[in-house]
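Single-structure report; data block below.
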Amino acid sequence: MNNANILDGVFSRFLNGKVVFRDREVLRHDYIPESLPHREEQIQHLGEIVAPILKAARCSNVFIYGKTGTGKTAVVKYVPNKLSQKAAEFGSPMKACYVNCRLAGTEYRVFSSLCDVLGIDIPFTGLALGEVFDRFKKGLETRKLILVTVLDEIDALVKDKGDTLLYELTRINETLHSSKTTVIGISNDLRFKEFLDPRVLSSLSEEETVFRPYDAGELQDILFERAKSAFHDGVVLDGAVSLCAALAAAEHGDARRALDLLRVAGELTEREGAKNVTEDHIRRAEKRIEHDRVVEAMKNLPAHSKFVLYSVYLLSKRGGRQIVTGEIYEVYCELCEQLSVTPLTQRRVSGLINELDAIGLLNTQLVNMGRYGRTKKIRLSINQSQFRTVFTDDARLESLSNYSPKHLT
Ligand code: ADP
Ligand code: MG
17 MNNANILDGV FSRFLNGKVV FRDREVLRHD YIPESLPHRE EQIQHLGEIV APILKAARCS
77 NVFIYGKTGT GKTAVVKYVP NKLSQKAAEF GSPMKACYVN CRLAGTEYRV FSSLCDVLGI
137 DIPFTGLALG EVFDRFKKGL ETRKLILVTV LDEIDALVKD KGDTLLYELT RINETLHSSK
197 TTVIGISNDL RFKEFLDPRV LSSLSEEETV FRPYDAGELQ DILFERAKSA FHDGVVLDGA
257 VSLCAALAAA EHGDARRALD LLRVAGELTE REGAKNVTED HIRRAEKRIE HDRVVEAMKN
317 LPAHSKFVLY SVYLLSKRGG RQIVTGEIYE VYCELCEQLS VTPLTQRRVS GLINELDAIG
377 LLNTQLVNMG RYGRTKKIRL SINQSQFRTV FTDDARLESL SNYSPKHLT
């Protein structure tokens, strides 16, 4: 088949196939649905906390935490949006500002986002942080309003840069007379509190809300809702939705993962020109997403971890026996010699093997060898072809693709 024919085929399958999506935007991560099932309690709690703002009073700071995909971002965008609408109706002088701290990356940029909302001019770089903060404080004071500052994924920033930002923000009301601010801080990491200075923690968590993971039934409700607006009627089979919910619940109740599965399954269906999103499409979507995750994880490995993984790959190509740490180390040292890099110690390599296990690229198992003590058996947890697609992109390792370690001959 020539190229034009191939494309004709693709396009006509697309055009003649049943239209699968009504609106695929609805499945994007940043889409905020009009209804958030199973978050009624959290919405009510947050609503009660911020309601005083409607009477121009300051409300408590709130600290929200829960694992990824539990609806934190959706809720903290939803509630202040509604609050702003009501406040406008009642003539209450409030503004809400949402900043994702992980994406902002620095305290400077978090403050300049806040300044942006207030219409305070801050150069892109160049001021001392203290100066930015002073301008923010002065600007806020002259504007006479209540600022609701939503700091999402705050754990990412504080772990990197410390908690000065939070310290300043949570104390700012002590020096303001005409304006007030409230901080809503959100963390994906449940142990985040340990990173905070106790004074910061106590002012930030005047109120606390936990978002628990969704169970399969809850995910199913969420997915049914979303599928109704994302797909045409009858396209997604009920069994497919249930499977999607079950798979995401088995992980950790991550709604984002469930929605990704549904979106990718929809795309597979569309590409095939098929009529329905079936359980089979969901299973294939899962494989695709898992594959992408593995490829991403492998690409981002530090050099020596790649060499270690490559050694395991060479050893597993040999087939048969299980692999032990000592062998990996021998092959690894040979690779290093070939590449003219200094090898790490065996102890460090053991550490790297454990890390590769933790991110799911290797699988290690302690085996009891009777009077010889215990030893660790190691194997690749990804298949060899997956492995090859990534490592042929790496020029250094590509040069070794036909290398056969002396250890194995
Ligand atoms: P988190 O911030 O806790 O990681 P998000 O709020 O980003 O989670 O939610 C992940 C995805 O799941 C988003 O697309 C969001 O719209 C959706 N989602 C989460 N909870 C619900 C819910 N209760 N109802 C509908 N969609 C939800
Ligand atoms: Mg979030």
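Following the working numbering, the residues of the sequence shown are numbered contiguously, the last one being 425.
Every residue gets a Cβ at the ideal spot worked out from N, C-alpha and C, and that includes glycine.
Contact test: residue i Cβ vs the ligand MG heavy atom, cutoff 8 Å
| i | result |
| --- | --- |
| N97 | no |
| E169 | yes |
| T89 | yes |
| T84 | yes |
Residue i: CB within 8 Å of a non-hydrogen atom of the ligand ADP
| i | result |
| --- | --- |
| N432 | Look at the range of the chain in this structure, 17 to 425, and you will see that residue 432 is not part of it. |
| T358 | no |
| R363 | no |
| F240 | no |
| S245 | no |
| L277 | no |
| Y230 | yes |
| L372 | no |
| F227 | yes |
| L52 | yes |
| Y47 | yes |
| R287 | no |
| R55 | yes |
| R44 | yes |
Anticipated Cβ contact below 8 Å, residue i with residue j, distance rounded
| i | j | result |
| --- | --- | --- |
| L163 | S195 | 7 Å |
| L161 | M110 | 6 Å |
| V199 | L185 | 5 Å |
| S100 | A112 | 5 Å |
| V347 | L331 | 6 Å |
| F208 | Q58 | Not quite, the Cβ-Cβ distance comes to about 18 Å (not below 8 Å), so this is no contact. |
| I136 | R125 | Not quite, the Cβ-Cβ distance comes to about 14 Å (not below 8 Å), so this is no contact. |
| V324 | L368 | 5 Å |
Residue i classed as buried or exposed, judged by whether at least 16 other C-beta atoms fall within 10 angstroms
| i | result |
| --- | --- |
| M385 | exposed |
| E123 | buried |
| K153 | buried |
| P318 | exposed |
| A120 | buried |
| E234 | buried |
| E56 | exposed |
| A246 | buried |
| Q236 | buried |
| T191 | exposed |
| G107 | exposed |
| T405 | exposed |
| D46 | exposed |
| L43 | buried |
| S321 | buried |
| P229 | buried |
| F149 | buried |
| R363 | exposed |
| A172 | buried |
| L220 | buried |
Cβ-Cβ distance between residue i and residue j below 9 Å
| i | j | result |
| --- | --- | --- |
| T197 | R300 | no |
| Y326 | L263 | no |
| Q402 | I394 | no |
| L278 | R304 | no |
| D179 | L206 | no |
| K422 | E343 | no |
| E224 | Y94 | no |
| L52 | V26 | no |
| L378 | S366 | no |
| E169 | N116 | yes |
| G376 | A281 | no |
Three-state class that DSSP yields for residue i in the structure shown
| i | result |
| --- | --- |
| M385 | coil |
| G335 | coil |
| L163 | strand |
| V199 | strand |
| C352 | helix |
| A72 | coil |
| A232 | helix |
| N18 | coil |
| L259 | helix |
| F403 | helix |
| V35 | coil |
| T225 | strand |
| L416 | coil |
| Y47 | coil |
| N316 | coil |
| H186 | Position check: residue 186 holds Thr in this sequence, whereas His was assumed. Note: T186 maps to helix in three-state DSSP. |
| N116 | strand |
| R207 | coil |
| F247 | strand |
| N379 | strand |
| F79 | strand |
Residue i CB to nearest heavy atom of the ligand PLP below 8 Å
| i | result |
| --- | --- |
| A271 | In the structure shown, the ligand PLP is absent; the only ligands present are the ligand ADP and the ligand MG. |
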